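*Asks:* Handing you this structure, nothing more for now.
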Amino acid sequence: MAKYHVGVDVGGTFTDVIAFNEEDGSIIVAKTSSTPSQPEIGVINGIEKAQISGRDIRMFSHGTTVGTNALIERKLPKTALITTKGFRDVPEIRRGTKLDLWDAYADVAPPYIRRRDRFEVDERTDYSGKILKEVNEDEVRQLARKLKKRGVESVAICFINAYVNGTNEMKVKQILEEELPGVYICASSEILPEIFEHERMSTTIINAVLGPKVSNYIQSMESKMKAKGYDGDILVLHSGGGVMTSQTVPRYAARLACSGIAAGAIASKYIANLCGFQNAIGLDMGGTSTDISLMYEGNLRITKDWYIEYGYPIGFPSIEILTIGAGGGSLAWIDEGGSLRNGPQSAGADPGPACYDRGGTEPTNTDANLVLGRLNTTVLDGQMKLNKEAALKAVKKIGDRFGYTEYEAADAILKVANANMCDALRLISVRRGYDPRDFALVAFGGAGPLHCAYLAKEMEIPYVIVPPYPGVAAALGCLLVDVRHDVSKTFVKSMDDVTAAELEEEFSSLEKEAVRLLKNEGIAPENMLLIRYLEMRYLGQWRSLDVSIGRNLESKEIILEKFHREHEREFAFSDPDRNVEIHGLRVEAIGTVPKPQFPRAETGGTLEEALKEYREVYFEETSGFIRTPVYHRSKISAHTEIDGPAIVEQLDSTIVIPPGVHAKVDEYRNIIMSFR
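Counting in my numbering, the sequence shown runs from 147 upward without gaps.
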């Protein structure tokens, strides 16, 4: 009988595997090098390294950077865009904005489809959905022949006002499918039937350029997993925090553009809930960047304003994740004004930090932690050695500029790195109307547990949670997700003019599509959950807020009260006397899938039995080095209490517990630090 639930996170450098044995509750963790040219090979290698047979896998779920990397590297199939006459240059015009308003020399990245591959069709639908000019079939067939000669592999169709009536789009799609067999074709009215031509067109284009690549990847993955003996569904994590089966992934390929990053946020939510916290901030700090997410009252923040490259938005709902250039490999440097900086430049994996002895000479956060004694000279359970002398030499460059000792310089480097991360924490909490003092900080990634205590102190966050396997938390997140789809439409009407019956009719139509999608994923009716949302705004506003409503429509007064309350929290402003407008409707369709039930750890053993050694570690609180106990995490039993200073080491990370900080190991082996 198949017994393993396997989660895999395919990163740019490493592929992480975590497997849960539902028979005895044991967990297997494995790390292997990623294979960017063929990511599925890295997945198979990781499963083999975990010594698991495909026949023993009951459920397989993974997050992948296939879509993200394809967009960044521009390794895309030849794709064409077909749009309404006069709108060929929408991808070029965009919104006319720039990421850095004051940099006159920084250009937005070029469109994913060149102008020579963007074509116009003489058709027109008005704002109400009335077709003013039908598609000319001969014109479309002639265009199809041209596309065939050019060797086009994918086609995006996006007509103006197709979000109201997609008849013309679907007619063109039908003709192209007849004329261009084997070519990937998607239409905006199927992908994202929402207002605003740039956002809808951008999403459709990204879906089209990723469609063939994602389809090939899934087919190859299915083939290789089947060869290993696994004949179940290949579940793929998408940006909205759910999974899709291999049957649905090609249709919504753009949703994979943020697949891997979302897994960490899901793990953060699960870990916080397991520890009894409804409000949590997730801190995923790796080698190059830090990803920050926020959960409030048990729900992760969702956004529809996101992108991989600025200027080309993706309109599907996504977990809101703030990414900054702060990681273990982030470089410390001095700017033209003589100030110490940290990141976003990174030493990367090659050559890496100076202590890696691979040719790097500039100081990084990893070097600073090694100099201060917080990192051991051997990591990954002795599989890798770090050169402390090389780290001292690199950090000395900073010390010489400011008249610091190497240790003072290392401390300063980490303080600047922590300040950068605190700025990001404020962006996702304080600037969104949340008080950090009401949250717990969930720290994971290889470097997160090294820095989390100091971030919590600065932000006055009362608790920090470090999960049992922080270095593979994203892979854990892949085990904990349900099948999810989002079905939406634009619906603009004043709350004063809309009736409950009208809203019920519109939502019923969306729910039929949602149920159809879940049925296609093999979800049984009893495992389906549908959640309704209204996108609302004050009359005259540009942006809207999502307000969840019950299946049995509540009174308009209750809905309005929810909106005013959310607006007050988000923007510190509300006006109950002002007219409110509905901007859109959305149904979140969730299909629950079996999840592992992690066993509670048994108590037993003493902290002394977990003691590995004593090491001199630098802490600002003690004005220098202090003899500090270093513990094996695997030997620390549940309900053990640890008083700082202390260092806790494990295969995939190192945890720093500063002086004066109290930590306790809970029944699930999470280490919880308290700052109250």
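All C-beta atoms in this analysis are idealised placements derived from N, C-alpha and C, irrespective of residue type, glycine included.
What you are looking at is a predicted structure, and each value in this text was computed from that prediction instead of being measured.
1) Buried or exposed for V638, going by 16 or more other Cβ atoms inside 10 Å?
2) Pull up the DSSP beta-bridge partners for M371, would you.
3) Give the range of the alpha helix (DSSP H) segment to which H597 is assigned.
4) Expressed to the nearest angstrom, what Euclidean distance is found between the alpha-carbon atoms of E345 and R572?
5) How do the stretch 360–367 and the stretch 594–612 stand: do at least 3 beta-carbon pairs fall below 8 Å, yes or no?
6) Note down the Cα distance separating N314 from E238, rounded to an integer number of angstroms.
7) Can you list, in chain order, the residues of its chain with a C-beta nearer than 7 Å to that of W248? Leave out the 5 residues immediately preceding and following it.
8) Counting C-beta neighbours from all protein chains within 10 Å, is the total for A540 16 or more, i.e. buried, or is it exposed?
9) Based on Cα-Cα distance, which residue from E813, V355, P805 lies nearest to T749?
10) Out of F160, A176, R204, R220, point me to the one whose CA is closest to E169's CA.
11) For T507, does the count of other Cβ atoms within 10 angstroms reach 16, so buried, or fall short, so exposed?
12) Give the range of the alpha helix (DSSP H) segment to which H713 is assigned.
13) Check whether the Cβ atoms of I259 and I337 lie closer than 8 Å to each other.
14) Going along the chain, which residues of its own chain have a beta-carbon closer than 7 Å to the beta-carbon of Q796, five neighbours each way excluded?
15) Sort out for me which residues DSSP pairs P740 with in a bridge.
16) According to the neighbour-count rule (16 or more other Cβ atoms, all chains shown, within 10 Å of its Cβ), is S654 buried or exposed?
17) Could you check the C-alpha separation between Y615 and S172 for me, to the nearest Å?
18) I need the straight-line Cα distance from S361 to T225, nearest angstrom please.
19) Quick one: which unbroken beta strand (DSSP E) runs of 3-plus residues sit fully inside the stretch 296–347? Chain order, please.
20) Give the range of the alpha helix (DSSP H) segment to which I190 is assigned.
21) Taking the continuous alpha helix (DSSP H) assigned at I239, which residues delimit it?
22) Whole angstroms are fine: how far does the CA of L356 sit from the CA of L217?
23) Which value, in whole angstroms, describes the spacing of the CA atoms of A621 and V189?
24) Would you mind giving the Cβ-Cβ distance between E681 and D692, rounded to the nearest angstrom? I have them listed as a contact below 8 Å.
25) Cβ atoms of I607 and R583: under 8 Å apart, would you say?
26) Is DSSP giving G730 helix, strand or coil here?
27) Could you check whether P804 and F765 sit closer than 8 Å to each other, using their CB atoms as the reference points?
28) Give a yes or no on contact between the stretch 670–684 and the stretch 717–737, applying the rule of three or more CB pairs nearer than 8 Å.
29) Looking at C-alpha atoms only, which residue of C421, V310, T181 is the closest neighbour of S820?
30) Pick out whichever of D723, Y550, Y456 has its Cα sitting closest to the Cα of G242.
31) On a CA-only basis, which of I174, Y777, S199, H151 is nearest G375? Give me that one, please.
32) Would you check if there are 3 or more beta carbon pairs closer than 8 Å linking the stretch 459–479 to the stretch 504–518?
33) Quick check: is any heavy atom of the ligand SAH less than 7 Å from the C-beta of M819?
34) Tell whether a beta-carbon distance below 8 Å holds between T230 and E194.
35) Please state whether the Cβ-Cβ distance between V726 and F744 is less than 8 Å.
36) Using the Cβ count rule (16 or more neighbours within 10 Å means buried), how would you classify S348?
*Replies:* This is what the structure gives:
1) exposed
2) Paired residues: none, contrary to the question.
3) 594–605
4) 28 Å
5) no
6) 24 Å
7) none
8) buried
9) E813
10) R204
11) exposed
12) 702–717
13) no
14) R779, S780
15) Paired residues: none, contrary to the question.
16) exposed
17) 13 Å
18) 15 Å
19) 300–304, 330–333
20) 185–195
21) 236–239
22) 8 Å
23) 11 Å
24) 6 Å
25) yes
26) strand
27) yes
28) yes
29) C421
30) Y456
31) S199
32) yes
33) Questions concerning the ligand SAH fall outside what the structure shown contains, since it holds no ligand whatsoever.
34) no
35) no
36) buried
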